[in-house]
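Peer 1:
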Amino acid sequence: MYQADEKRYEKLKYQRCGRTGLKLSRISLGMWHNFGSVDDFENCRQMVRTAFDAGITNFDLANNYGPVPGSAETNFGRILQQDFKAYRDEITISSKAGYLMWPGPFGDGGSRKYLIASCEQSLKRLGLDYVDIFYHHRPDAETPIEESMLALAQIVHSGKALYAGISNYPAAETKQAIAILKELKVPFVLNQIPFNMFNRFYEEDGLFDLLDTEGVGGIVFSPLAQGLLTDRYLHGVPTDSRAAKNDVFFAKQLSEGVNWIFCSKKITPQVVALLNKLNDLAKQRGQTLSQMAIAWVLSRRGVTSALIGASRPAHITDICGCLQNVEFPAAENAVIDQACAEYLSC
Ligand code: NDP
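Everything in the sequence shown is counted per our numbering, starting at 89 for the first residue and increasing by one.
1. Applying the 10 Å Cβ sphere with the 16-neighbour rule, what's the burial state of Asn364?
2. On the criterion of 16 or more Cβ atoms from any shown chain inside 10 Å, does Tyr97 qualify as buried, or is it exposed?
3. What's the call for Asp368, buried or exposed, on a 16-neighbour Cβ count within 10 Å?
4. Classify Asn347 as buried or exposed, calling it buried when 16 or more other Cβ atoms lie within 10 Å of its own Cβ.
5. From Ile115 to Tyr321, what does the alpha carbon distance come to, in whole angstroms?
6. In whole angstroms, what separates the C-alpha of Gly198 from that of Arg373?
7. For Ala259, which residues in the same chain have their Cβ closer than 7 Å to its Cβ, ignoring the five residues on either side in sequence?
8. Hey, could you find the ends of the beta strand (DSSP E) Leu278 is sitting in?
9. Would you check whether the ligand NDP has a heavy atom nearer than 7 Å to the C-beta of Leu216?
10. So, is Val391 buried or exposed, given that buried needs 16 or more other C-beta atoms within 10 angstroms?
11. Should Met237 and Ala265 be called a contact, given that it needs their Cβ atoms to be closer than 8 Å?
12. My output table needs one value for Gln170: the three-state DSSP class, helix, strand or coil.
13. Cβ of His224 versus every heavy atom of the ligand NDP: is any distance shorter than 7 Å?
14. Give me the Cβ distance between Gly143 and Ser113, rounded to the nearest whole Å; I'm assuming they're in contact under 8 Å.
15. Check whether the region 404-411 and the region 335-352 are in contact - that is, three or more C-beta pairs closer than 8 Å.
16. Between which two residues does the beta strand (DSSP E) holding Gln103 run?
17. Taking the continuous alpha helix (DSSP H) assigned at His323, which residues delimit it?
18. Please report the residue range of the beta strand (DSSP E) in which Lys354 lies.
19. Between Leu272 and the rest of its own chain, which residues show a CB-CB distance below 8 Å, the 5 nearest in sequence each way excluded?
20. Report the three-state DSSP secondary structure of His224 (helix, strand or coil).
21. Please state whether the Cβ-Cβ distance between Ser393 and Val414 is less than 8 Å.
22. Pairs of beta-carbons, one from the region 144-163 and one from the region 182-190, closer than 8 Å: are there three or more?
Shown next as structure tokens:
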């Protein structure tokens, strides 16, 4: 039987989501990749155990995580049942709805119909009565924001989630959401957005300043740029990496010229040279590149937690070592800013 490490709370730090009462571990584990029905269940289980033993208490899911969609929630539900029954009150679990999940007009977007039905389905797959945080996964231009927020309010007020969150909402829409949720008396804790050394859109958008002013937390996803900001690609593209797997999984879309997919084509010799430059800086700081990348996001204003992914337990152990050094002198920030500018011009 799994017994959690007794020293787990001496290892990481915990931070309140803005000025709310909810604390998150500064590192969170997400299950977008590597937790589906196509993946090795025992490896998934070991990753969750490793995370909890390291002090991670926040676990992130969405209705569509897999593949197949939904299977990450089913797998995590099994892990909870097998190993974490005694620890349910020591962890926060989140799910989301907002992207395509089932066919027809009610399986995508931001309607009340979709969000409430999807939350019910997620709870069934997870084997839970409630999730801690339920997010609207992305803004939906076809649905009035009031309707999506009212659905979140109902989910919280009916006890299916303890807190509400939003994801991928830029500053202007976040401001609207905050005002509506305040009026509806919904405990609103987080906006979940992409952010890393190479992707600073939401910082430039003013979102972190807004969250800071409003007392709401920010949890940042893909803080390693899907694995780019690690040692994975320092010498090219390993066959077991996400980029190589995406080449196969998204072969049809890539052949049609779809550009948003993280695949081996994006890892050019110029990019590899840049990553090696950043790796040299990380070594000077006494860190791995992945530790430096996570330390950097945690050093930015408004970031409550870095939401990482992993494909093996050792990744999680490595990342959790990053809190030893989260200070960035101006000279180091200048090197990182320069690398970001060069990356964007590649
Ligand atoms: P990351 O940027 O952290 O990338 C994770 C990948 O980096 C891993 O799969 C692994 O790649 C590699 N990696 C991680 N740690 C190490 C290490 N120590 N050494 C070497 N390589 C390492 O995050 P993700 O893109 O996976 O996103 C994290 C989570 O954020 C998701 O699981 C999900 O919960 C959430 N998310 C939310 C979205 C939203 O719209 N709200 C969208 C996307 C993600 P490899 O697999 O190649 O080994």
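Backbone N, C-alpha and C fix where the C-beta goes; we use that ideal spot for every residue, glycine too. Please read all numbers here as calculations on a predicted model, not as lab measurements.
Peer 2: Reading it off the structure:
1. exposed
2. exposed
3. exposed
4. exposed
5. When rounded, the distance between both Cα atoms is 22 Å.
6. A direct Cα-to-Cα measurement between Gly198 and Arg373 gives close to 44 Å.
7. Result list for Ala259: Asp293, Gly294, Leu295 and Leu298, in chain order.
8. Leu278 -> beta strand (DSSP E) spans Phe276 to Pro282.
9. no
10. buried
11. yes
12. DSSP, reduced to helix, strand and coil, places Gln170 within a helical segment of the structure shown.
13. no
14. 6 Å
15. no
16. From DSSP, the beta strand (DSSP E) with Gln103 extends over Tyr102 to Arg104.
17. Segment: none, His323 is in no alpha helix (DSSP H) and carries neither H nor E.
18. First-last for Lys354: undefined, no H or E at that position.
19. Met237, Leu238 and Ala241
20. strand
21. no
22. yes
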